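Just add 122 to wherever you are in the sequence shown, counting from 1, and you've got my numbering. By construction, the Cβ of each residue, glycine as well, lies at the ideal position given by its N, Cα and C atoms. This one's a predicted model, so the numbers in the text were calculated from it and none came from an experiment.
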Amino acid sequence: MHHRSVAELMTRDVVRARRDLPFKEIVKLLADNAVTAVPVVDELDRPMGVVSEADLLRKSSDQADPSGLTPIPHLEAWERAKAEGARAEELMSAPAVCARSEWTVVEAARLMEVQNVKRLPVVDETDKLLGIVSRSDLLRVFLRRDDAIHEEINREILQRTMGLAPSEVTVEVREGQVALGGSVEFKSLIPIVERLCRSGDGVVSVAERVAYRTDDTRTSRTGT
Numbered sequence: 123m124h125h126r127s128v129a130e131l132m133t134r135d136v137v138r139a140r141r142d143l144p145f146k147e148i149v150k151l152l153a154d155n156a157v158t159a160v161p162v163v164d165e166l167d168r169p170m171g172v173v174s175e176a177d178l179l180r181k182s183s184d185q186a187d188p189s190g191l192t193p194i195p196h197l198e199a200w201e202r203a204k205a206e207g208a209r210a211e212e213l214m215s216a217p218a219v220c221a222r223s224e225w226t227v228v229e230a231a232r233l234m235e236v237q238n239v240k241r242l243p244v245v246d247e248t249d250k251l252l253g254i255v256s257r258s259d260l261l262r263v264f265l266r267r268d269d270a271i272h273e274e275i276n277r278e279i280l281q282r283t284m285g286l287a288p289s290e291v292t293v294e295v296r297e298g299q300v301a302l303g304g305s306v307e308f309k310s311l312i313p314i315v316e317r318l319c320r321s322g323d324g325v326v327s328v329a330e331r332v333a334y335r336t337d338d339t340r341t342s343r344t345g346t
């Protein structure tokens with residue numbers, strides 16, 4: 123099956139900040155470009171980190187409330203250093219968590235989840251910035267048309283991968299939800315078909331009501 127790559131989804135015209143860009147210039151950069159974060163790059167255009175609105179807001183939260191009603195929040199040492207920072211390299215979250223352009227949506231999404239980040243700078247083999255991919259970019263695969271999903275499941279999974287005839291398993295797709303019916307020769311094929319269908323780009327869920335003619339999952343108690 124064809125899985126959409128990061129290269130197909132990423133933003134290529136990336137707004138970036140120099141490592142020495144002052145605080146106010148970063149705020150202006152975000153506002154002028156209607157973005158919430160930008161990668162911070164070195165002299166070779168390699169991502170060093172990402173500076174976001176959350177990073178910048180630490181400076182505001184570290185200020186005393188003139189009314190005296192709100193206490194100054196406790197900050198860890200690294201948070202204090204960022205709150206006191208004045209340039210991009212002092213304010214950014216580092217090191218940069220990056221993706222490669224050839225990665226699939228699944229690979230990029232897993233890295234975001236593990237690292238708890240909302241966006242990934244995309245780099246080439248020399249670590250030079252190529253683009254940036256966000257959570258919203260990855261979610262675009264769920265805008266894929268139902269007929270495209272249906273065609274891929276029938277052609278790539280059922281016929282080409284599993285070697286099943288079109289008359290054996292029926293497929294319906296509505297709003298990304300896949301319903302499988304029909305029957306196959308062996309019971310062991312059913313979870314394989316279901317798993318492959320779930321891995322398709324744009325698939326929200328899979329429900330199967332596939333019958334089988336032979337139960338090949340039962341093992342003999344006598345070992346024969």
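Tell me the rounded alpha-carbon separation between residue i and residue j.
i    : j    : result
E211 : E130 : 30 Å
G304 : D259 : 35 Å
T283 : A218 : 38 Å
E294 : A231 : 27 Å
E316 : E330 : 7 Å
R340 : E307 : 15 Å
D249 : K146 : 28 Å
K240 : I148 : 19 Å
A186 : R126 : Low per-residue confidence applies at A186: pLDDT is 48, beneath 50, and the placement is therefore not dependable enough to give any value.
I275 : R320 : 10 Å
A159 : L152 : 7 Å
L265 : I271 : 11 Å
V136 : L302 : 42 Å
K150 : V328 : 46 Å
R180 : V263 : 34 Å
Tell me the residue span of the alpha helix (DSSP H) that contains residue i.
i    : result
L261 : R257 to L261
A230 : V227 to Q237
V219 : V219 -> no alpha helix (DSSP H), and no H or E assigned at all.
V315 : L311 to R320
V149 : F145 to N155
For residue i, which option in the options has the closest C-alpha, if you only look at C-alpha atoms?
i    : options                   : result
M214 : H125, L302, R138 and S321 : R138
R134 : R335, V227, S256 and V306 : S256
V291 : A333, E224 and V244       : A333
L252 : E224, H272, A287 and F264 : E224
D338 : P313, G322 and D177       : P313
V227 : T336, R140, L311 and D323 : D323
V172 : N155, P288 and R141       : R141
R311 : L166, P288, L280 and R296 : For clarity, residue 311 is Leu in the given sequence; the question names Arg instead. The residue with the shortest Cα to Cα distance from L311 is L280.
L318 : E278, S174 and R296       : E278
D246 : E229, R168, D154 and N155 : R168
M132 : V244, R335 and S289       : V244
G207 : Q237, D154 and L178       : L178
Output yes or no for whether 8 Å exceeds the beta carbon distance between residue i and residue j.
i    : j    : result
L162 : M170 : Strictly speaking, residue 162 in this sequence is Val, with Leu absent from that position. Cβ distance < 8 Å, so V162 and M170 count as in contact.
V325 : G298 : yes
V128 : A221 : yes
R209 : L261 : no
R296 : D269 : no
Per the DSSP calculation, residue i is bridged to which residue(s)?
i    : result
Q299 : R296 and S327
R140 : V163
I254 : T133 and P243
P169 : V163
Could you check where the beta strand (DSSP E) with residue i kicks off and where it finishes?
i    : result
L280 : Careful: L280 lies outside any beta strand (DSSP E) and carries neither H nor E.
A129 : No beta strand (DSSP E) holds A129; the alpha helix (DSSP H) holding it covers V128 to L131.
A333 : A333 to T336
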